[in-house]
Structures are given as C-alpha cells and as structure tokens.
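Protein chains: 2
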Amino acid sequence: MSAPALDKSSAANDGEPEDSDDLVPPAALEAWAAMRELVLDHERKKEVCEALGLSFVRVRVLLLVAQAPQTMGAIAARLTTDPPYTTLVVDDLERRGLVERRAHPTDRRAKLVALTPSGEEAARRADALVSAPPTRLAALDADDLEVLRTILAGLSG
Amino acid sequence: MSAPALDKSSAANDGEPEDSDDLVPPAALEAWAAMRELVLDHERKKEVCEALGLSFVRVRVLLLVAQAPQTMGAIAARLTTDPPYTTLVVDDLERRGLVERRAHPTDRRAKLVALTPSGEEAARRADALVSAPPTRLAALDADDLEVLRTILAGLSG
DNA sequence: CATAACTGTTGTGATTGTAGAACTAACCCG
DNA sequence: CGGGTTAGTTCTACAATCACAACAGTTATG
Chain A
1 MSAPALDKSS AANDGEPEDS DDLVPPAALE AWAAMRELVL DHERKKEVCE
51 ALGLSFVRVR VLLLVAQAPQ TMGAIAARLT TDPPYTTLVV DDLERRGLVE
101 RRAHPTDRRA KLVALTPSGE EAARRADALV SAPPTRLAAL DADDLEVLRT
151 ILAGLSG
Chain B
158 MSAPALDKSS AANDGEPEDS DDLVPPAALE AWAAMRELVL DHERKKEVCE
208 ALGLSFVRVR VLLLVAQAPQ TMGAIAARLT TDPPYTTLVV DDLERRGLVE
258 RRAHPTDRRA KLVALTPSGE EAARRADALV SAPPTRLAAL DADDLEVLRT
308 ILAGLSG
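Heads up: the sequence lines are chains A and B, in that order. Counting with our numbering, you get residues 1 to 157 for the letters of the first sequence. Counting with our numbering, you get residues 158 to 314 for the letters of the second sequence.
Right, dumping it as structure tokens:
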C-alpha cells in the first residue's frame, strides 16, 4: 500500500455516544486499521453466497440461528433489517426447508426460528468458508498466534 | 454469547485456491473468529452513510480514491462491482462534486478518478467514523495494544 | 495496417434490500 | 375487563445493487 492521502490527525468522532473517548491510543488506531483491512479484505460474500445459492442476508440468518434459535425481533436487531424484510427473508429460508418457525415457549406472540437438519448442513458449509482465516494470518508464528488469541479472547462480548 | 451449536471440527475449505492450507493452527481459528466478530460487530455503515448522505458503495469509493487516484477498472476490481455499475456510482459522485475524472497520463482510454476538495472533506469525515476503534479494543492495556499493533503490522499486504 | 484486446460507457431489466402504514394476535398492567 | 404495548405479518412503493449485451475509442500485436 502506498501512502494514504488523508490527514488522520483527528480521528475522534463527534456525534455517537459509543466510543466517545477523546484520547484513543495510537496503537489502538493502528491495530484497528490492520484488523479492519484483514477482515474486510478477506470477506468472501460472493463465494459463500454462490456456494449456498443464497443471498448474503440469508446466510447471515443461517449463521446467526446456528448459534441458537432466535426470535424474529432478535434476528432483525442483529442484522439491522426492519421487521418486514426479516419476515420476507425467513419466509424464503423456510420455503427452502432450511429453517422452521417454532412456537416460543413463554410468549405465544413470538416465534423461534431454528435450523432444520438441512439448514444445519448449510450453516456448517457457510461457517467452514467464513471462519477459515486468511493465509497471511495463519502463516504467523505459533507464538504470535497464541498471543493474538489470548489478547483478543478478552474482547469477545 | 451462549455455546455455538455448529460442529467446527473441520474448518478446512475445499474449492478455493487461496488459503488452501489443510493444517490451520487452532489459535489462528480463534484469533480470526475474535477479529471477525470485533470488526463486523462494529461496522457503522448506517452511521457513515447517513452522515454523508451517500450509499455505502459510494463511501467506499471515496475512501479508496482518498488513498490515491484510481482508474475505473481498479475501483471496480477493489469493490467487486461490475464496470457498468462502477460508472454509475462514479457518475453520481461526480454529479455531487465529490470526485472528478481526470485524463490518465499514459493511457488515453483510461480515466483517473480523484477527489475534489469537498470530496476530500467528505472522505475525511467518513474516515474519522470508520477508523475509530471500538471502545473494548481501545480499552486494552497499553502493552497489549502495542503487542497487537506490532504483530498485525506485519500482515498489512 | 489489420486484427484482436482492453477501458470505459450506455441501456435495459431483474434481483435485492429499505421504508412506511395498517393490521392481527398476544401480552401486560391497573 | 379495557387500554396500551409488543411481536410478527401483509401490502405497497421505492431505492440500491447486480447482470447482460452492445458499443466507441484506444492500445497492443502480429
């Protein structure tokens, strides 16, 4: 990469309540930039989508529901899609036999979206593609990787 | 987050030439998962888009061209959009006075897309939002951050 | 020079995602 | 019970993205 032309002297943000720190350590900025580049460069939306024959939102639903059955609201919140569209997407996945809507145990209004067996299979394939680290990461020293893992493990919310 | 339900015993991928390693260190898998979660969780497409009044592809073009003027082809390749759509997006940005098409110095077919002054201003604002690290990252020890920065610096391709 | 390859554009159409109002069914609370 | 709220759906209209074919101008190649 050549030299970036942007003056990044003030990377503080103004409006948002989140990360409203005024003093961000430079090391954090650089580490963040490197991580962003690594992750965003390696995104394989195209590959995953055409491997499963699904649009990316649908894959995200699959991957989310694979962790645990979710209500429609939870899915919408996590994917930042509005309720109508969420309904549409889940309808489609249900029509394909990948998910099913179950009754919510305590709230009869809500529905729990869960994977069917073939949905699990699809989710597994998607996950295999998505969670394979890029070569340049996997090629690091075992020691460095261990350090990375340890530090980053503390961040998982 | 509760326990994931997917069996990730084999995260090796089959088809792609890239990362075709069969032996991926577990630490790499975990580090990768943590980084992905951090980056993808923190994406602020919505905020950036409504801050600039532009769709996300347009913001990406701005950010890309901010590094250095690019040909249409280079933009299309980097954003994985096809040429026709790239033309459309750059047209729009040009109409808004954020970028301009200049003549390519050596190839008269090609055009170099560069930022106008107000485009630079917009890119600066976008960058400020996008490159601000999440709080949980910035909140790490100075030592840990330094280690992260050092290890990750070696990966920037 | 003639042909082939490349860069970018135009035009058309399909697919995907976004936004809003209106509605049903179920829950909650006084 | 009755009014207010929530979860999800339907319907509508629209913006954004993607895909395909055809084209002009320029460059490269034999």
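Where is the CB? At the ideal position from N, CA and C, for every residue including glycine. Since we're looking at a predicted model, the values are computed, not measured.
So what does residue 96 of chain A bridge to, in DSSP terms?
-> Answer by DSSP bridge pairing: none, since residue 96 of chain A is not bridged.
Going along the chain, which residues of its own chain have a beta-carbon closer than 8 Å to the beta-carbon of residue 63 of chain A, five neighbours each way excluded?
-> 123, 126, 127, 130
Does residue 151 of chain A have its Cβ less than 8 Å from a Cβ in chain B?
-> yes
Supposed close pair residue 290 of chain B, residue 153 of chain A - CB separation, criterion 8 Å | Incorrect: roughly 17 Å between the Cβ atoms, too far for contact.
Interface flag, residue 34 of chain A vs chain B, CB-CB below 8 Å = yes
Buried or exposed: where does residue 226 of chain B fall if 16 or more other Cβ atoms within 10 Å of its Cβ makes it buried?
-> buried
Cβ atoms of residue 79 of chain A and residue 61 of chain A: under 8 Å apart, would you say?
-> yes
For residue 80 of chain A, which residues in chain B fall below 8 Å Cβ to Cβ?
-> 203
Could you name the residues of chain B that residue 37 of chain A contacts, counting a contact when the two beta carbons are closer than 7 Å?
-> 313
Between the C-alpha atoms of residue 252 of chain B and residue 215 of chain B, what's the straight-line distance to the nearest angstrom?
-> 12 Å
Could you spell out the range, first to last residue, of the alpha helix (DSSP H) harbouring residue 113 of chain A?
-> Counting along the chain, residue 113 of chain A falls outside any alpha helix (DSSP H), though it belongs to the beta strand (DSSP E) covering 111 to 115.
Apart from the five residues on each side of it in sequence, which residues of its chain come closer than 7 Å, Cβ to Cβ, to residue 257 of chain B?
-> 251, 271, 273
Check the DSSP bridge columns for residue 228 of chain B and list the partner residues they point to.
-> B:269
So is residue 265 of chain B in contact with chain A if we call contact Cβ pairs under 8 Å?
-> no
Listing by chain order, which chain A residues have their CB less than 7 Å from the CB of residue 262 of chain B?
-> Those within 7 Å of residue 262 of chain B in chain A number zero; the least Cβ separation is about 16 Å.
In three-state terms, what does DSSP make of residue 28 of chain A?
-> helix
Assign residue 259 of chain B to one of two classes, buried (16 or more other C-beta atoms within 10 Å of its C-beta) or exposed (fewer than that).
-> exposed
Below-8 Å beta-carbon distance, residue 197 of chain B vs any chain A residue | yes
Find the nearest neighbour of residue 45 of chain A within the set B:222, B:245, B:238, B:248, judged by alpha-carbon distance.
-> B:238
Roughly how many angstroms lie between the CA atoms of residue 112 of chain A and residue 74 of chain A, to the nearest whole one?
-> 10 Å
Note down the Cα distance separating residue 192 of chain B from residue 244 of chain B, rounded to an integer number of angstroms.
-> 33 Å
Give the range of the alpha helix (DSSP H) segment to which residue 307 of chain B is assigned.
-> 299 to 310
Could you check what DSSP says for residue 132 of chain A in three-state terms: helix, strand or coil?
-> coil
Grab the span of the alpha helix (DSSP H) containing residue 47 of chain A for me, first residue to last.
-> 45 to 52
Coarse secondary structure for residue 260 of chain B, derived from DSSP in three states | strand
Assign residue 53 of chain A to buried or exposed, taking buried as 16 or more other Cβ atoms, counted over all protein chains shown, within 10 Å of its Cβ.
-> exposed
For residue 255 of chain B, return the contacting residues in chain A, with the cut-off set at a CB-CB distance below 9 Å.
-> In chain order: nothing, as chain A lies at least about 14 Å away.
Is there a Cβ from chain B that is less than 8 Å from the Cβ of residue 58 of chain A?
-> no
Consult DSSP for residue 284 of chain B and reduce its assignment to one of helix, strand or coil.
-> helix
Quick one: which chain B residues come within Cβ less than 7 Å of residue 25 of chain A?
-> 295, 299, 302
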